[in-house]
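Engineer: There's a structure below that I have some questions on.
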Amino acid sequence: MSTIDVTNPLQEAEREWEERTLEPALKKSPELKKTFSTVSLTPIERLYTPNSVPGFEYETELGFPGEPPYTRGIHATGYRGKLWTMRQFAGFGSAFDTNQRFKYLLEHGQTGLSVAFDLPTLMGYDSDHPFSEGEVGKCGVAISSLADMEVLFDGIPLEQVTTSMTINAPASMILAMFLATAERQGADWKKVGGTLQNDILKEYIAQKEWIYPPRPSMRLITDTIEFCTREVPRFNPISISGYHIREAGSTALQELAFTLRDGIEYVQYAINAGMDVDDFVPRLSFFFNAHNDFFEEIAKYRAARRIWHRVMTERFGAKNPRSWMLRFHTQTAGVSLTAQQPLNNIVRVAIQALAGVLGGTQSLHTDAYDEALALPSDEAALIALRTQQIIAHESGVTNTVDPLGGSYFLEKLTRDMEDGTFEYFRKIDDFGGMVEAIEAGFPQREMQDASYEFQKAVECGDKIIVGVNDYVMQEETMELPLLQINESVAMLQEERLQKLRSERNNELVARTLKKLADGASSKENTMPLLLECVRAYATLGEMCDALRPVFGEYQEPAF
Amino acid sequence: MSVGRRNGFQKEIETMAPDERIRVLLAKPGLDGHDRGVKVIARALRDAGMEVIYTGLRQTPEQVVAAAVQEDVDAIGLSILSGAHMTLFPRVVELAREEGLDDVIIFGGGIIPDEDIPRLKEQGVTEVFTPGARMEDIIQFIKKNARHDVAAQQ
Numbered sequence: 077m078s079t080i081d082v083t084n085p086l087q088e089a090e091r092e093w094e095e096r097t098l099e100p101a102l103k104k105s106p107e108l109k110k111t112f113s114t115v116s117l118t119p120i121e122r123l124y125t126p127n128s129v130p131g132f133e134y135e136t137e138l139g140f141p142g143e144p145p146y147t148r149g150i151h152a153t154g155y156r157g158k159l160w161t162m163r164q165f166a167g168f169g170s171a172f173d174t175n176q177r178f179k180y181l182l183e184h185g186q187t188g189l190s191v192a193f194d195l196p197t198l199m200g201y202d203s204d205h206p207f208s209e210g211e212v213g214k215c216g217v218a219i220s221s222l223a224d225m226e227v228l229f230d231g232i233p234l235e236q237v238t239t240s241m242t243i244n245a246p247a248s249m250i251l252a253m254f255l256a257t258a259e260r261q262g263a264d265w266k267k268v269g270g271t272l273q274n275d276i277l278k279e280y281i282a283q284k285e286w287i288y289p290p291r292p293s294m295r296l297i298t299d300t301i302e303f304c305t306r307e308v309p310r311f312n313p314i315s316i317s318g319y320h321i322r323e324a325g326s327t328a329l330q331e332l333a334f335t336l337r338d339g340i341e342y343v344q345y346a347i348n349a350g351m352d353v354d355d356f357v358p359r360l361s362f363f364f365n366a367h368n369d370f371f372e373e374i375a376k377y378r379a380a381r382r383i384w385h386r387v388m389t390e391r392f393g394a395k396n397p398r399s400w401m402l403r404f405h406t407q408t409a410g411v412s413l414t415a416q417q418p419l420n421n422i423v424r425v426a427i428q429a430l431a432g433v434l435g436g437t438q439s440l441h442t443d444a445y446d447e448a449l450a451l452p453s454d455e456a457a458l459i460a461l462r463t464q465q466i467i468a469h470e471s472g473v474t475n476t477v478d479p480l481g482g483s484y485f486l487e488k489l490t491r492d493m494e495d496g497t498f499e500y501f502r503k504i505d506d507f508g509g510m511v512e513a514i515e516a517g518f519p520q521r522e523m524q525d526a527s528y529e530f531q532k533a534v535e536c537g538d539k540i541i542v543g544v545n546d547y548v549m550q551e552e553t554m555e556l557p558l559l560q561i562n563e564s565v566a567m568l569q570e571e572r573l574q575k576l577r578s579e580r581n582n583e584l585v586a587r588t589l590k591k592l593a594d595g596a597s598s599k600e601n602t603m604p605l606l607l608e609c610v611r612a613y614a615t616l617g618e619m620c621d622a623l624r625p626v627f628g629e630y631q632e633p634a635f
Numbered sequence: 293m294s295v296g297r298r299n300g301f302q303k304e305i306e307t308m309a310p311d312e313r314i315r316v317l318l319a320k321p322g323l324d325g326h327d328r329g330v331k332v333i334a335r336a337l338r339d340a341g342m343e344v345i346y347t348g349l350r351q352t353p354e355q356v357v358a359a360a361v362q363e364d365v366d367a368i369g370l371s372i373l374s375g376a377h378m379t380l381f382p383r384v385v386e387l388a389r390e391e392g393l394d395d396v397i398i399f400g401g402g403i404i405p406d407e408d409i410p411r412l413k414e415q416g417v418t419e420v421f422t423p424g425a426r427m428e429d430i431i432q433f434i435k436k437n438a439r440h441d442v443a444a445q446q
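Sequence order for the protein chains is A and B.
First residue of the first sequence: 77, per my numbering; consecutive thereafter.
First residue of the second sequence: 293, per my numbering; consecutive thereafter.
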């Protein structure tokens, strides 16, 4: 409280409390630290009261659930009508291996699928490319052609199970494979639901898996948005992701601000391409991190909804209430998990998941406790899913809508998140937009500074990580059954690709690839062209290569 | 990204002449783009007075070793979080030895399972730092092991 309004009796009462009760208490037992702060190093006050949120107006700041500004959630009944989707991200080894894991998760009550691809696939290389050596099937599943995608979803009806795919630089090629697989299953595209990550801006900012420079990449994304809006109306063509921004070392505020500003950029590019805001924005979705700092995270999600409503109405003049509602997926923070005393991670994940739920997430992935060591084992993956089920069915937090709404502390944090985000919007707008800010290295530098500051706070003991810089056990004897990926996956993929290339109609492949490159040089939507390539069994690498001469390749500038 | 390019925000350490400083090449072989760790380490080593050359992402072992030769470094630090370390770390060691970089220490970091560490050390990787390693320990390790004459005095 910087100024005291003597006419406000509550401020006067708080001041009197400070003299009467607080000061003697501090004299008797001083506080443990001089300053208290969040995991983002944001200072936190001792106490929050109505004085912390002056001028607070329930109807404009919170409103009722399912109504603007959606601070309390986008559904009138919260989780009383429908729980969040429990969507565990999985993928490793070959398409055969991951298909088995998918079936295992579906049998144990998981309600949606989420595909993790291996690094060569994420970078647009086939499994037999020299750059793929040592990487095939390691971080996710190897998908080099429609033949692999067919195996991945074998026995899984795509009309019934929604599927999320974490792929960015070659997202439109993978989407084409997915849609062709649905086609072969006899599924109606109009009924196929799911989400494509397809968020290239955060790749330049954080995850660094790119192929082409920002501008042609934005064109590919605009093509997928336009195509899905028309042909696959239940599919979310983009999931605008703060997750990776946070994992790469940002603060909670930076995660929120950069992600929403990325969202603004996609909307603007689609409008520039001639689309109407209310036709496609209802199918945009977001993806946030859930880190350890419980209240800061909940404030972040609540602020996200309030900000998006403001952006949609004020900046874009959207008329459709579905455009105003920010829907999001949450994943617990992989970066917060420790290799030391790994079972402690189960507790971290539970706290983070609870924050996501109290923030009103639409779907949730809980990390497995062994993820600082390897990809999850079956047992670790199951405990992660069970964590969500315990929150949903035992904790009682789903009984009422936005249970923390009205907390002075939380509402102050939510306000600060909103103000800080609009401040970042102004800075990024001054660059000319997010593409320009990225080209200038602005978000990248902000995050590097934040992650270095945090690491220093850990090393000097300001921030304690249990089992890492305090409560350390010298002899750790814990033996975990880690998932091993051996090199036989790479050999299998090489054989499958060799067979594919010898059995398919190579003339047809060459023809479709040529059409793709020609179309990319014009203004034609690339999606139908990619579908033709995919149906002819052109490989991922071949499609990506066909566009390289047209689009160029991205080289990261030095920051 | 060009190999061997110096980073723009490199600090001049006034107390040491440039030629006395330990030179470290930090590299990310393989396809993963997780560069938070390597960038934090780069800053920490610079703040500790070392000269750091960061290769940027996705360098082949050949490019890493070529940069090490060109930059005449005392140490090579490799960061991998994708699981490809058993293929790529030994390849860098092998190529470095072929180039006669016998007294250049090669160390690594990332998501590396415990059972892989002895096998990497057998193949010539001097040390492996896993998640939770302290910046200070990495600095001390380099100061103690780098070939540079001044290293012993620091």
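Glycine included, C-beta positions come from ideal geometry on N, C-alpha and C.
When DSSP labels each residue in this structure, what does B:D429 get in the three-state scheme?
Structural biologist: Position 137 of the second sequence, counted from the first residue, corresponds to residue 429 of chain B. Of the three classes helix, strand and coil, the one that applies to B:D429 here is helix, per DSSP.
Engineer: Between which two residues does the alpha helix (DSSP H) carrying A:N720 extend?
Structural biologist: Nothing about residue 720 of chain A can be read from this structure; chain A reaches only from 77 to 635.
Engineer: Can you pull the chain A residues whose beta carbon is under 7 Å from the beta carbon of B:M427, in chain order?
Structural biologist: The residue labelled residue 427 of chain B in the question sits at position 135 within the second sequence. In chain order: Q531, E535.
Engineer: Given B:K331, which residues of its chain have a CB within under 7 Å of its CB, disregarding the five upstream and five downstream residues?
Structural biologist: Against the second sequence, residue 331 of chain B aligns to sequence position 39. Nothing meets the Cβ criterion.
Engineer: With the cut-off set at 7 Å, would you say A:S361 and A:S315 are in Cβ contact?
Structural biologist: The sequence position of residue 361 of chain A within the first sequence is 285, counting from 1. The sequence position of residue 315 of chain A within the first sequence is 239, counting from 1. In this structure, A:S315 lies closer than 7 Å to A:S361 by Cβ.
Engineer: Pull up the DSSP beta-bridge partners for B:G401, would you.
Structural biologist: As a working mapping, residue 401 of chain B is identified with position 109 in the second sequence. BP columns for B:G401 point to B:S371, B:F421.
Engineer: Between which two residues does the alpha helix (DSSP H) holding B:L412 run?
Structural biologist: Along the second sequence, read from residue 1 onward, the residue named residue 412 of chain B stands at position 120. First-last of the alpha helix (DSSP H) with B:L412: 408-414.
Engineer: Just how far apart, CA to CA, sit A:P557 and A:Q574?
Structural biologist: Position 481 of the first sequence, counting from 1, holds the residue named residue 557 of chain A. Position 498 of the first sequence, counting from 1, holds the residue named residue 574 of chain A. Going from the Cα of A:P557 to the Cα of A:Q574 covers about 34 Å.
Engineer: Taking the straight line between their C-alpha atoms, what separation do you get for A:H405 and B:I314?
Structural biologist: Translated into the one-based positions of the first sequence, residue 405 of chain A becomes position 329. Translated into the one-based positions of the second sequence, residue 314 of chain B becomes position 22. So the alpha carbons of these two residues sit roughly 46 Å apart.
Engineer: Of all the CB atoms in chain A, is at least one closer than 7 Å to the CB of B:A360?
Structural biologist: In the second sequence, the residue the question calls residue 360 of chain B occupies position 68. No, its Cβ sits nowhere closer than 7 Å to a Cβ of chain A.
Engineer: Determine which residues share a DSSP beta bridge with A:A192 and list them.
Structural biologist: As a position in the first sequence, residue 192 of chain A is number 116, starting the count at 1. Answer is A:T242, bridged to A:A192.
Engineer: Does the beta carbon of A:E211 sit closer than 7 Å to a beta carbon anywhere in chain B?
Structural biologist: Along the first sequence, read from residue 1 onward, the residue named residue 211 of chain A stands at position 135. A:E211 counts as touching chain B.
Engineer: Jot down the residue ranges of each uninterrupted beta strand (DSSP E) in the segment 250-312 of chain A, minimum 3 residues, whole runs only, in chain order.
Structural biologist: Within the segment 250-312 of chain A, the complete beta strand (DSSP E) runs of at least 3 residues are 270-272.
Engineer: A:Q442 and A:L461 look like a contact to me (Cβ under 8 Å); what is the Cβ gap, rounded to whole Å?
Structural biologist: One-based indexing of the first sequence puts residue 442 of chain A at position 366. One-based indexing of the first sequence puts residue 461 of chain A at position 385. The sequence shown places Thr at residue 442 of chain A, not Gln. Between A:L461 and A:T442 the Cβ distance is about 7 Å, and since that is below 8 Å, they are a contact.
Engineer: So which of A:E259, A:Q417, A:R624 has the shortest CA-CA distance to A:V542?
Structural biologist: By 1-based counting over the first sequence, the position of residue 542 of chain A is 466. Selected option, being the one with the closest Cα: A:Q417.
Engineer: Considering just the uninterrupted stretch of the alpha helix (DSSP H) at A:I466, what are its terminal residues?
Structural biologist: The sequence position of residue 466 of chain A within the first sequence is 390, counting from 1. Looking at the DSSP string, the run of the alpha helix (DSSP H) that includes A:I466 is 454-469.
Engineer: Examine chain A for any beta-carbon lying closer than 7 Å to the beta-carbon of B:P423, and answer yes or no.
Structural biologist: Position 131 of the second sequence, counting from 1, holds the residue named residue 423 of chain B. It does: the Cβ of B:P423 has a partner Cβ on chain A nearer than 7 Å.
Engineer: Count the CB pairs spanning the segment 320-339 of chain B and the segment 522-530 of chain A that are closer than 8 Å, and state whether there are at least three.
Structural biologist: Yes: at least three Cβ pairs fall under 8 Å.
Engineer: Sorted by chain position, which residues of the same chain lie with C-beta nearer than 8 Å to A:L86's C-beta, five sequence neighbours on each side aside?
Structural biologist: Numbered from 1 along the first sequence, position 10 holds the residue referred to as residue 86 of chain A. Cβ neighbours of A:L86 beyond the five flanking positions: T125, P126, N127.
Engineer: Classify A:Y180 as helix, strand or coil using the three-state DSSP reduction.
Structural biologist: Here residue 180 of chain A corresponds to residue number 104 of the first sequence, with the count starting at 1. Helix at A:Y180.
Engineer: What is the DSSP secondary structure of A:H320, counted as helix, strand or coil?
Structural biologist: Looking up residue 320 of chain A in the first sequence gives position 244. Reduced to three states, the DSSP call for A:H320 is helix.
Engineer: Note down the Cα distance separating A:T111 from A:S105, rounded to an integer number of angstroms.
Structural biologist: Residue 111 of chain A sits at position 35 when you count from the first residue of the first sequence. Residue 105 of chain A sits at position 29 when you count from the first residue of the first sequence. Their backbone Cα atoms lie some 15 Å apart in a straight line.
Engineer: Helix, strand or coil for A:D120, going by three-state DSSP, please let me know.
Structural biologist: Looking up residue 120 of chain A in the first sequence gives position 44. Residue identity check: residue 120 of chain A is Ile in the sequence provided, not Asp. A:I120: strand per DSSP, three-state reduction.
Engineer: Looking only at its chain, what residues have a beta carbon closer than 7 Å to the beta carbon of A:G595, apart from the 5 residues adjacent to it on each side?
Structural biologist: Counted from its first residue, the first sequence places residue 595 of chain A at position 519. The answer, listed in chain order, is T602, L605.
Engineer: How would you call B:E428, buried or exposed, if buried means at least 16 neighbouring beta carbons within 10 angstroms?
Structural biologist: Within the second sequence, residue 428 of chain B is the residue found at index 136, counting from 1. Its Cβ having fewer than 16 others within 10 Å, B:E428 is exposed.
Engineer: Drop a sphere of 10 angstroms on the beta-carbon of A:A634, count the other beta-carbons inside from all chains shown, and report buried for 16 or more, exposed for fewer.
Structural biologist: Within the first sequence, residue 634 of chain A is the residue found at index 558, counting from 1. That one is exposed.
Engineer: For A:I427, I'd like the list of residues in its chain whose CB is within less than 7 Å of its CB, leaving aside the five on either flank, ordered along the chain.
Structural biologist: Reading the first sequence from its first residue, position 351 is the one you call residue 427 of chain A. Excluding residues within five positions, the ones whose Cβ falls inside 7 Å are N368, F370.
Engineer: Under 7 Å Cβ to Cβ from A:I120, same chain only, skipping five residues before and after it: list those, please.
Structural biologist: The count along the first sequence starts at 1 and reaches residue 120 of chain A at position 44. So the qualifying residues of the chain are F112, S113, T114.
Engineer: Just to check my reading of the structure: A:F576 and A:Y547 have Cβ atoms closer than 8 Å, yes? What is that Cβ distance to the nearest angstrom?
Structural biologist: Taking the first residue of the first sequence as 1, we reach residue 576 of chain A at position 500. Taking the first residue of the first sequence as 1, we reach residue 547 of chain A at position 471. Residue 576 of chain A is actually Leu in this sequence, not Phe. So it is not a contact: roughly 53 Å between Cβ atoms.
Engineer: Please state the DSSP three-state secondary structure of A:Q550.
Structural biologist: As a first step, residue 550 of chain A is located in the first sequence; it is residue number 474 there, counting from the start. DSSP places A:Q550 in coil when its eight states are reduced to three.
Engineer: I'd like to check one pair, A:Q261 with A:T242: are the Cβ atoms closer than 7 Å?
Structural biologist: Along the first sequence, read from residue 1 onward, the residue named residue 242 of chain A stands at position 166. Along the first sequence, read from residue 1 onward, the residue named residue 261 of chain A stands at position 185. No, they are not a contact pair.
Engineer: Is B:T379 close to chain A? Criterion is C-beta to C-beta, closer than 7 Å.
Structural biologist: Translated into the one-based positions of the second sequence, residue 379 of chain B becomes position 87. Output row for B:T379: interface = yes.
Engineer: Report the option in B:D339, B:E386, B:M342 whose CA atom is closest to the CA atom of B:A358.
Structural biologist: Within the second sequence, numbered from 1, the residue matching residue 358 of chain B stands at position 66. Per the Cα distances, B:E386.
Engineer: From the DSSP output, which residues share a beta bridge with A:I314?
Structural biologist: The count along the first sequence starts at 1 and reaches residue 314 of chain A at position 238. A:I314 is bridged to A:L360.
Engineer: At a cut of 8 Å, does the segment 328-345 of chain A reach the segment 293-303 of chain A through at least three beta carbon pairs?
Structural biologist: With a cut-off of 8 Å, the segment 293-303 of chain A and the segment 328-345 of chain A count as touching, because enough Cβ pairs lie within range.
Engineer: Taking the runs of the alpha helix (DSSP H) that are 4 residues or longer, which of them lie wholly in the segment 418-457 of chain A?
Structural biologist: Counting only runs of 4 or more, we get 420-434.
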